[in-house]
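Trainee: Position in the sequence shown (from 1) plus 2 gives the number in this note's numbering.
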Amino acid sequence: MSSTFSLHQLGWRPEYAQHLTLDDFEVGYPARVAAVHRDGLVVFSSRGQGTVVVPRHVEADAGIAVGDWVLVEHEADRVIRLLERQSLVARMAAGEDHRRQSIAANLDALFIVSSCNDDFNPSRLERYLALALDASITPVVVLTKADLCDDAGDYVAMAERLAPSIAVVALNATHSASVGQLLPWLAPGKTVAFVGSSGVGKSTLANAVIGDAVQLTQGIREDDARGRHTTTSRDMFPTMTGAWVIDTPGMRELRLGAIVPDLGAVFDDVAAFAAQCRFRDCRHEDDAGCAVRQAVMEGTLEARRLDNYRKLQREAAHAQRSIREEREHGRQFGALVRQAVRSKRERLEQ
Ligand SMILES: Nc1nc2c(ncn2[C@@H]2O[C@H](COP(=O)(O)OP(=O)(O)OP(=O)(O)O)[C@@H](O)[C@H]2O)c(=O)[nH]1
Ligand SMILES: [Mg+2]
Ligand SMILES: [Zn+2]
């Protein structure tokens, strides 16, 4: 895949140039990140595909992500800096690690993939929907394995109820005519990513829209114990229609990493009931004057949905706290270093 791409083809937008000066263009050129490896980035640019290193001082919130735009030195395969992102999908790292972990940057649409079987989980879908809507990315719920279930329509109806006016598509990922339903989001220069649990068909879908280039993607896949191909890295590929698609490994856990998540975009019904609670700061824990709990009691609001809303709220508050602590820690460390340098200088000057 050594073909070259124009900025336009790569999905460039004038916004990315906002903080670039003429000087910047003299020393470097913009390139788009197609893969992130430990020892460098794979990038696409007007020079074709290349590999560049990232100097330590080039920092990015949550790390440089697939889909990011970087300025690369003309004379060396080295990143000068990261260009301002239009959007970022990130999550909190699993376990004790409290850092934010980027999944993909500068997306136009997020394909949230689930299957028409036991994988279908409304609370998990709400989680992904919140992630996309919070980043101002168009979410599309893609329900695979429609060919293996009795009535995919039931799943579509359940998914449509999860957030106001979202697109839901049911299909057979192994059937190209069926995958054609994704074309409205694959216009030239648009960038999309597939996310969801392992085995739901993300790579099958990605390969279907990549088309002829499909054979080139096999290298990134590894056979797992069950003889299945399971994706192990995030990579961006051009599609037949001139869009960009990012395939991601199946996620077991998606902890919201948004700093101020807009849960109201998904849970508009909860927000509407909450507006009628007697107390403005109602936490919907007590029945007294709580319109939200009343709605659950009357059956107009699903108890599961309220539980999930509150769970995501707690999670977001937790993420916000750890991000603040991390920053505070960084500041304190910086102050400590400056103090040490100052006292050393003072000693030398005495
Ligand atoms: N019949 C049918 N099989 C499907 C469909 N979607 C995926 N599969 C099959 O499911 C298996 C897993 O698909 P993958 O595309 O590898 O799943 P994935 O989401 O990329 O999985 P990870 O890379 O592990 O995250 C493959 O054998 C596919 O052929 C579908 O809509 N219908
Ligand atoms: Mg895969
Ligand atoms: Zn309430």
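We put the beta carbon where it would ideally sit given N, CA and C, even for glycine.
#1: Under 9 Å, do A161 and F122 count as touching if we go by C-beta distance?
#2: Going by other Cβ atoms of all chains shown within 10 Å of its Cβ, with 16 needed for buried, is N119 buried or exposed?
#3: Would you list the one or two residues that DSSP bridges to R80?
#4: Can you tell me whether M94 is buried or exposed? The criterion is at least 16 other CB atoms within 10 Å of its CB, across all chains shown.
#5: Please list, in chain order, all residues with a C-beta atom less than 5 Å from at least one heavy atom of ligand 3.
#6: With contact counted as at least three CB pairs below 8 Å, one residue from each stretch, are the region 131–139 and the region 163–170 in contact?
#7: Just curious, the beta strand (DSSP E) that P32 is in, first and last residue?
#8: Secondary structure at A154, three-state DSSP: helix, strand or coil?
#9: Is DSSP giving P186 helix, strand or coil here?
#10: Assign V343 to buried or exposed, taking buried as 16 or more other Cβ atoms, counted over all protein chains shown, within 10 Å of its Cβ.
#11: Looking at ligand 2, does it come within less than 8 Å of P251, judged from the CB to the closest heavy atom?
#12: Could you pull out every residue in the same chain whose Cβ sits closer than 8 Å to the Cβ of V294, ignoring the five residues on either side in sequence?
#13: At which residues does the beta strand (DSSP E) containing Q103 begin and terminate?
#14: Report the three-state DSSP secondary structure of Y18 (helix, strand or coil).
#15: Confirm the yes/no value for this check: CB of T241, any heavy atom of ligand 1, distance under 8 Å.
Mentor: Result, derived from the coordinates:
#1: In this structure, A161 places its C-beta atom within 9 Å of the C-beta atom of F122.
#2: N119 sits exposed, since fewer than 16 C-beta atoms from the chains shown fall within 10 Å of its C-beta.
#3: According to DSSP, R80 bridges with V55.
#4: It counts as buried.
#5: Ordered along the chain, the selected set is C279, C284, H286, C292 and V294.
#6: Segment contact: the region 131–139 against the region 163–170, three or more CB-CB distances shorter than 8 Å; contact assigned.
#7: Per DSSP, P32 belongs to the beta strand (DSSP E) from G30 to H39.
#8: A154 falls in the helix class under three-state DSSP.
#9: Under the three-state reduction of DSSP, P186 is assigned to helix.
#10: The residue is exposed, with fewer than 16 neighbouring Cβ atoms inside 10 Å.
#11: True, at least one ligand heavy atom lies under 8 Å from that Cβ.
#12: For V294, the CB contacts under 8 Å within the same chain, skipping 5 residues up- and downstream, are V272, F275, A276, C279, C284, H286, L303 and L308 in chain order.
#13: R102 to A107 is the span of the beta strand (DSSP E), which, as asked, contains Q103.
#14: Here Y18 carries a helix assignment [DSSP, helix/strand/coil].
#15: When distances are taken from the beta-carbon of T241 to the heavy atoms of ligand 1, even the shortest one reaches 8 Å or more.
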